[in-house]
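**Student:** Handing you a structure now.
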Ligand SMILES: Cc1ncc(COP(=O)(O)O)c(C=O)c1O
Ligand SMILES: Cc1ncc(COP(=O)(O)O)c(C=O)c1O
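Structure (structure tokens):
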């Protein structure tokens, strides 16, 4: 397992006690913590350069614009995008997906098919249900295989589902509930063969492993800064330039127009066309610095680290009586999701909190999948760069104590 | 003019030189600077409490949720809203208005009228043009009177315009280009008389004067945090509860649903229904602290301060040869917008920047009004709590130098 | 185990959680209401046979944490035989207990829930079944939720 | 006044700004193109009478800062009589000057724009008229803008 010298020193929040115990933060799937460098970048921006972007000619405005556009370029490099203009700043994954889904809502018609999967987060599911409802298109799902969803997506059924009627195929890169890593490049290739546009929910993957949108071959990709060491309130919609050029704007207002009269308006090209109003300037700059931070750690090493912790946690947890572990039995993303027959996830999380361990319990914004698996909730431990093998021992001990209390 | 002891010490950014001169920041209409307390709140959040909100039971998550919801309550108090559930967090004014305009786009029909004014910022204009286009409704404008728009809105014509066909009346509280303060309570009263919903663009007023949404009697009110000492990427849509309860959600995804199946979803009540996905938690908390900061200064005193500076600037600038000053000749919001016949605003701004003075030059996202006034751009100086009478002297001296260079 | 946690998971609660009373559908029910806590996924249905204004029989069904399940179970034992007004009064008492931790003057099993008040995020778990029951009494078809913003 | 600002607002530029050459519509034009800088509001229309591949006459109209107006004015004096290929070559030279500040080997009035390179936000002002002219030469109906993201 790769480790980095003294990495925990980079994250001020980790050095605190919760309920008298050292904080063991294992809720990274919900949001990650922020390194000093990112916090400092925000402070520096507000203390030195803060100004509105794009429309200013004075010194601060030029500095702010350069920093904001620099962040865009940095993120394009981070994703191996062909062009910074393919990076649209949004509030996060959810908004990014809504922008794309809304654009399809006005373009699809009855007979068209939206394809997604049974393992999507509500944020990559409900917007498509709404687009289907608004347009009359049909929403179809790729099944998830196995009683514990250990089989992943039913790729064998994909050829049948991927008919020429499929106009858009939206799927997650890494499941936030199961840890499943989907073969995104293959899914894109097969979708492209029938002319379907691909939309990847990369909320759990960007920042956890190297990622190359051109190698993957996706059309759109959405993610959130807050899950990858960046600030809250900033995220990205990546879109292939050729598509963005044809796409109508979503929100309208200042900064995205060329010419406005009392009768109508014309639009700037991407990315400005999709960024109406004052953007989250500090957030974008912070996200750029988060990219620097993660690249300095080396994303391939982060991937090995997270996967190794997940494997270790999976092994150690599987020794607990009655535990039901979800998702792949082999290679998995940096999280483990599990349930006990006699103890509800919220009681587990409350007990863990007493031990300083931050876990998430619930449906993980994935209610239909839970229902399919015959569950109402699971407990999830999700890992990131600052987590250690010792913390997994604390987690497992806490689970034992909880089981002892409730089950005896 | 009210002043506060040592207020400039609260704003770290002010203590720098630009082009070898002390920074004179007069671009507050575009964005305000941030007091130490707001910056510290962000740092504190990321160093101690950062977590995802609403779905967590561990200590950090509870702290983050409490702080986030506490900010909502704080802002409700700041606006004198009846209920914290009337406060929806958005990215800013532009997004807030888009949410409302989009909801009308699906509800209006041919024959309905959207009323707005000739002095709106593109962000309160283009979304309504789009809503009109999508629904077949007609967009009408209340005229602005006077060759220099000194006459404000043509209130005499309002009775004729406010027919029962008017379903929504959207107007700005304070014009970002003219400094005009519109009689918002009166406009709301007259709109209500014909059953029209009112939408106030309060980007330039919240944070500059006391404001009471119940006394004003508006239905919706939109503003941005970054213009009132708050962080970037956070803003508010205030909506009357009775309206929000009937309003369909805008974006969909995690956090705003009650029950999701593979077939469809049901929604939470407001405000959650309108906050899909992880919100800008740190931003909201920072905005709450900005409210504290402004209330500690006393918003009535801020109003007096800003207005006094604007009056002073108006008087001193009016002595410059050939200057054309826009907007009211009497009481005005804290900004002055002007043009010279022979020097373009961008040249003015470039020269001012050399003197350390940050101004905005251009159409101020108000192209149609500029055109109506026979202008393509103006130079704008806009004031806030940390500006001083001495800075206005620096401004005027800089203008004199510029005129001398270009006009002789 | 900390005092707070011991207070939260009292013996009465653990007992009701392990061996819930009046669990399952009520075939003779003439009123039913459903409650949801969307964020946790807790669910609770309450079935009533109302005899005039009196709860002749009551049962619940659902899933959720120990607090929500035990609370629903205990509630059924408390509400059986009560009128709407008495049920509302009992709920008011229960709500007072879980939000303030103040135990009632008369000895009652519902006092076991006093420990909830130090865990504000769990109040909505404790009140879910009660909300559903009150809704059923009102004949309210809308699913109850203890997550409305102002709760 | 700082050296940078003196460099930016050279005498040639001030002169073209005050007394623009070839300003106004060209009645005999057979090509026209319009350029916009949406953020500043700068506008420039360029009118050409093309004679075969050669610019027989040229004029501009518009509004904007001293840099954009002077640049458009100077451009008209430079492009008159040139072929498309020569116009493109001149623009390439001009672009080099405003982005790098490197003055060309031959003496030319366009060297006056070298000072622009220290004011990157003004490069789009300096090139607006040129973009419109090249678009007019191409017969491109789409309004030119020097604000496309990658410019
Ligand atoms: C009057 C007015 N309305 C709307 C806006 C748009 O605000 P934002 O860019 O923060 O969305 C502004 C500021 O630019 C404004 O001054
Ligand atoms: C797989 C997945 N998709 C989408 C989201 C939504 O991201 P956000 O809430 O930042 O918009 C999340 C995180 O909650 C996620 O894990």
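Chains as they are written, first to last, in our numbering: chain C, 1 to 408; chain R, 1001 to 1408; chain B, 2001 to 2151; chain U, 3001 to 3151. The C-beta atom is built at its ideal place from N, Cα and C for all residues, glycine as well. Predicted model only: the values in this text are computed from it and were never measured.
Chain C partners of residue 1097(R), CB-CB under 8 Å?
**Tutor:** By Cβ distance, chain C contributes 253.
**Student:** With burial defined as no fewer than 16 other Cβ atoms inside 10 Å of the residue's Cβ, what is the status of residue 1385(R): buried or exposed?
**Tutor:** Under this definition residue 1385(R) is a buried residue.
**Student:** For residue 240(C) and residue 3(C), what's the separation of their Cα atoms in angstroms?
**Tutor:** Going by the C-alpha atoms only, they are around 35 Å apart.
**Student:** Of all the CB atoms in chain R, is at least one closer than 9 Å to the CB of residue 3009(U)?
**Tutor:** So yes, residue 3009(U) belongs to the interface.
**Student:** Taking the straight line between their C-alpha atoms, what separation do you get for residue 3044(U) and residue 3038(U)?
**Tutor:** Their Cα atoms are separated by approximately 12 Å.
**Student:** Find the residues of chain C that neighbour residue 3111(U), judging by a C-beta separation of less than 7 Å, and give them in chain order.
**Tutor:** The premise fails here: residue 3111(U) is roughly 24 Å from chain C at the closest Cβ pair, so nothing lies under 7 Å.
**Student:** Run down chain R in chain order and give the residues with a C-beta less than 8 Å from the C-beta of residue 2038(B).
**Tutor:** Ordered by position in chain R, the residues that pass the 8 Å Cβ test against residue 2038(B) are 1257, 1258, 1259 and 1268.
**Student:** Beta-carbon separation of residue 1435(R) and residue 1199(R) under 9 Å?
**Tutor:** One cannot answer for residue 1435(R) here, as it falls past the ends of chain R, which runs 1001 to 1408.
**Student:** Using DSSP with H/G/I as helix, E/B as strand and the rest coil, what is residue 1383(R)?
**Tutor:** Coil.
**Student:** Can you pull the chain R residues whose beta carbon is under 8 Å from the beta carbon of residue 3033(U), in chain order?
**Tutor:** Ordered by position in chain R, no residue passes the 8 Å Cβ test against residue 3033(U), which lies about 19 Å from the chain.
**Student:** So the candidates are 3074(U), 3080(U) and 3123(U); which of them puts its Cα closest to the Cα of residue 3053(U)?
**Tutor:** Nearest C-alpha to residue 3053(U): 3080(U).
**Student:** Note down, in chain order, all residues in the region 3116 to 3128 of chain U with a beta-carbon under 9 Å from any beta-carbon belonging to chain C.
**Tutor:** Going along the region 3116 to 3128 of chain U in chain order, one finds 3119, 3120, 3121 and 3122 with a Cβ nearer than 9 Å to chain C.
**Student:** Can you confirm whether residue 1394(R), when its beta carbon is compared against all beta carbons of chain U, has any partner nearer than 9 Å?
**Tutor:** Answer no: the Cβ-Cβ gap between residue 1394(R) and chain U never drops below 9 Å.
**Student:** Round the Cβ separation of residue 2059(B) and residue 2077(B) to the nearest angstrom and send it over; I've been treating them as touching at under 8 Å.
**Tutor:** Contact flag wrong, Cβ pair sits at about 11 Å.
**Student:** From this set, 3003(U), 3001(U), 3009(U) and 3002(U), which residue's C-alpha is nearest residue 3126(U)'s C-alpha?
**Tutor:** Of 3003(U), 3001(U), 3009(U) and 3002(U), the residue nearest in Cα terms is 3009(U).
**Student:** Pull up the distance between the alpha-carbon of residue 3151(U) and that of residue 243(C), whole angstroms please.
**Tutor:** Low confidence applies here, because residue 3151(U) scores a pLDDT of 35, under 50, leaving its location unreliable and the question unanswered by this model.
**Student:** Report the partner residues of residue 2034(B) according to the DSSP bridge assignment.
**Tutor:** Partner(s): 2045(B).
**Student:** Going along the chain, which residues of the region 230 to 249 of chain C sit with their C-beta nearer than 7 Å to a C-beta in chain E?
**Tutor:** The chain inventory of the structure shown lacks chain E, comprising the protein chains C, R, B and U.
**Student:** Considering residue 259(C), what are the terminal residues of the beta strand (DSSP E) in which it resides?
**Tutor:** From DSSP, the beta strand (DSSP E) with residue 259(C) extends over 257 to 260.
**Student:** How big is the Cα-Cα spacing for residue 1016(R) and residue 1022(R)?
**Tutor:** Their backbone Cα atoms lie some 6 Å apart in a straight line.
**Student:** With respect to 8 Å, is the separation between the Cβ of residue 1304(R) and the closest non-hydrogen atom of ligand 2 below this value?
**Tutor:** Flag unset: Cβ of residue 1304(R) not near ligand 2.
**Student:** Is residue 365(C) a contact residue of ligand 2, with contact defined as CB to any heavy atom under 8 Å?
**Tutor:** Indeed, a heavy atom of ligand 2 lies less than 8 Å from the Cβ.
**Student:** Following a CB-centred definition, is residue 1201(R) positioned closer than 8 Å to any heavy atom of ligand 1?
**Tutor:** True, at least one ligand heavy atom lies under 8 Å from that Cβ.
**Student:** With 9 Å as the threshold, decide whether the Cβ of residue 90(C) is near any Cβ in chain U.
**Tutor:** No, residue 90(C) does not count as interfacial toward chain U.
**Student:** Using a Cβ cut-off of 7 Å, which residues of the region 1375 to 1406 of chain R contact any Cβ in chain C, in chain order?
**Tutor:** Listed by position, the residues of the region 1375 to 1406 of chain R near chain C (Cβ gap below 7 Å) amount to none.
**Student:** Should residue 2016(B) be labelled buried (16 or more other beta-carbon atoms within 10 Å of its own) or exposed?
**Tutor:** Buried, since its Cβ has 16 or more Cβ neighbours within 10 Å.
**Student:** So does the region 252 to 259 of chain C actually touch the region 269 to 279 of chain C, counting three or more Cβ pairs closer than 8 Å?
**Tutor:** Yes, the region 252 to 259 of chain C touches the region 269 to 279 of chain C.
**Student:** Strictly below 8 Å CB to CB, what residues from chain C border residue 1047(R)?
**Tutor:** Neighbours of residue 1047(R) on chain C, chain order: 12, 13 and 39.
**Student:** Should the region 155 to 168 of chain C be called in touch with the region 106 to 123 of chain C, which here means at least 3 C-beta pairs below 8 Å?
**Tutor:** Touching, yes.
**Student:** If I'm right that residue 1191(R) touches residue 1169(R) with Cβ under 8 Å, what's the distance once you round it to whole angstroms?
**Tutor:** That belief holds up - the Cβ atoms of residue 1191(R) and residue 1169(R) are roughly 4 Å apart, short of 8 Å.
**Student:** Can you give the Cα-Cα distance for residue 32(C) and residue 226(C), rounded to whole angstroms?
**Tutor:** Answer to the nearest angstrom: the Cα atoms are 6 Å apart.
**Student:** Could you have a look at residue 407(C) and say whether DSSP puts it in helix, strand or coil?
**Tutor:** Reduced to three states, the DSSP call for residue 407(C) is helix.
**Student:** Alpha carbon to alpha carbon, how far is residue 3149(U) from residue 1398(R)?
**Tutor:** Here the model assigns residue 3149(U) a pLDDT of 45, short of 50, so the residue's position is not dependable, and the following value carries that caveat. Looking at the two C-alpha atoms, the distance is approximately 33 Å.
**Student:** Below 8 Å CB to CB, which residues in the same chain sit around residue 2004(B) once its five sequence neighbours on both sides are set aside?
**Tutor:** Cβ within range, chain order: 2115, 2118 and 2119.
**Student:** Closer than 8 Å by beta-carbon distance: list the chain B residues that pair up with residue 367(C), in chain order.
**Tutor:** Within 8 Å Cβ-Cβ: 2041.
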